[in-house]
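Asker:
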Amino acid sequence: MLPNSEKVIRIITETAKALITPRFQQLNEADIREKSPGDLVTIADVEAEKRLEAELTALVPDSLVVGEEEAEDFPSVLDRINADAPVWVLDPLDGTRNFAHGREPFAVIVAYCLDGETLMGWIHDPISDETVWAAKGQGCWSGSNRLTIPDAGPLEEMKGSLSSNVGKRLKAVPGVPTKISRVGCVGRDYMNLALGRLDFARYAFRLKPWDHAAGALIHAEAGGKNWLLKAARDYHPDLNPKDAQSTGEIMLLAPDQAILENLRRLLGE
3 MLPNSEKVIR
13 IITETAKALI
23 TPRFQQLNEA
33 DIREKSPGDL
43 VTIADVEAEK
53 RLEAELTALV
63 PDSLVVGEEE
73 AEDFPSVLDR
83 INADAPVWVL
93 DPLDGTRNFA
103 HGREPFAVIV
113 AYCLDGETLM
123 GWIHDPISDE
133 TVWAAKGQGC
143 WSGSNRLTIP
153 DAGPLEEMKG
163 SLSSNVGKRL
173 KAVPGVPTKI
183 SRVGCVGRDY
193 MNLALGRLDF
203 ARYAFRLKPW
213 DHAAGALIHA
223 EAGGKNWLLK
233 AARDYHPDLN
243 PKDAQSTGEI
253 MLLAPDQAIL
263 ENLRRLLGE
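Residues 3 to 271, numbered by the working numbering, are exactly what the sequence shown covers, in order.
1. Bridge partners of residue 149, per DSSP?
2. Helix, strand or coil, according to DSSP, for residue 117 in the structure here?
3. Do residue 137 and residue 7 count as a contact pair if the criterion is CB distance below 8 angstroms?
4. What do you get for residue 175, buried or exposed, if any count of 16 or more other CB atoms within 10 angstroms of its CB means buried?
5. One question on the structure: do residue 206 and residue 132 come within less than 8 angstroms of each other, judged by their Cβ atoms?
6. Less than 8 angstroms between the CB atoms is what I'm expecting for residue 51 and residue 42, so what's the real figure, rounded?
7. Can you list, in chain order, the stretches of the beta strand (DSSP E) that have 3 or more residues and sit fully within the region 122-209?
8. Does the region 145-158 come close enough to the region 252-262 to have 3 or more Cβ pairs within less than 8 angstroms?
9. Examine chain C for any beta-carbon lying closer than 8 angstroms to the beta-carbon of residue 85, and answer yes or no.
10. Strictly by DSSP, which residues pair up with residue 44?
11. Which runs of the beta strand (DSSP E), 3 residues or longer, sit entirely within the region 64-98?
12. Going by DSSP in three states, residue 12 sits in which element: helix, strand or coil?
13. Quick check: what's the CA-CA separation for residue 108 versus residue 267?
14. Taking the beta carbon of residue 234 as the centre, do at least 16 other beta carbons fall within 10 Å, making it buried, or is it exposed?
15. For residue 270, which of 168, 197, 222, 248 has the nearest alpha-carbon?
Rendered as structure tokens:
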């Protein structure tokens with residue numbers, strides 16, 4: 003049995019309205035700290051994760067949680083993703099650096115996983131009050147609208163999300179996309195991919211499950227393709243971030259397989 007999506011969306015949106023949006027552009031210095039150099043966490047991250055954990059585990063008895071903030075302190079909680087019990091994978095506030103500096107976008111990301119696979123995923127933008135969600139084999143949705151990635155146009159007209167270094171490398175190649183940006187919020191990227199506002203993306207380094215478990219499913223259920231270049235398979239949340247880091251894993255997302263392969267060639271990967 004999968005959880006009721008409307009109930010999950012209500013939990014997410016009520017958490018955002020109670021604990022995240024009231025603090026936007028209202029944080030003081032004591033509300034922000036560094037987990038590691040350059041990696042910020044705010045009081046909103048911590049309190050939202052606690053509330054999401056309590057309410058989502060109550061919705062599905064005996065379910066477990068892998069939350070970003072807990073996993074950062076206790077990495078062994080990642081083992082829960084491969085447990086026999088259902089697991090909620092939470093990013094209570096994706097785009098924390100944006101949020102801490104009083105700018106958009108930021109998002110709440112929730113995935114529902116079992117046996118190392120994402121079965122459902124939700125991404126919520128607290129500012130636009132928009133939620134995109136998907137269930138495996140049941141499509142991708144925004145409200146009552148089923149989302150389908152539109153047919154791709156010419157490659158040079160596509161919009162992509164790439165790191166600044168990779169974007170510069172791609173722009174140096176004639177005839178390739180030049181509309182490259184990165185908004186500092188993976189959740190918003192995935193929403194835009196599913197909504198057809200973004201055509202492709204590339205992510206690398208640790209590929210943390212709270213960033214990608216929900217989004218990869220949402221993108222796939224909207225008709226998109228993703229691929230892990232080193233592992234030669236599509237993404238699943240059982241990919242350990244340390245393993246992804248050690249192998250130099252890269253994930254590409256595109257509207258279809260042909261464009262994905264073309265981007266891989268252009269990027270030299």
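C-beta: ideal position from N, C-alpha, C; glycine also.
Bear in mind the structure is a predicted one, so any value in this text is a computation, not a measurement.
Answerer: So, to answer that:
1. 142
2. coil
3. yes
4. exposed
5. no
6. Their Cβ separation, rounded to whole angstroms, is 15 angstroms, which puts residue 51 and residue 42 out of contact at 8 angstroms.
7. 132-137, 141-144, 147-149, 161-163, 181-183, 202-206
8. yes
9. Absence of chain C from the displayed structure is noted, only one protein chain being present.
10. Residue 44 is bridged by DSSP to 34.
11. Counting whole runs of 3 or more residues, the region 64-98 contains the beta strand (DSSP E) stretches 66-69, 89-96.
12. helix
13. 31 angstroms
14. For residue 234, the number of other beta carbons within 10 angstroms of its own is below 16, and it is reported as exposed.
15. For residue 270, the nearest C-alpha among the options comes from 168.
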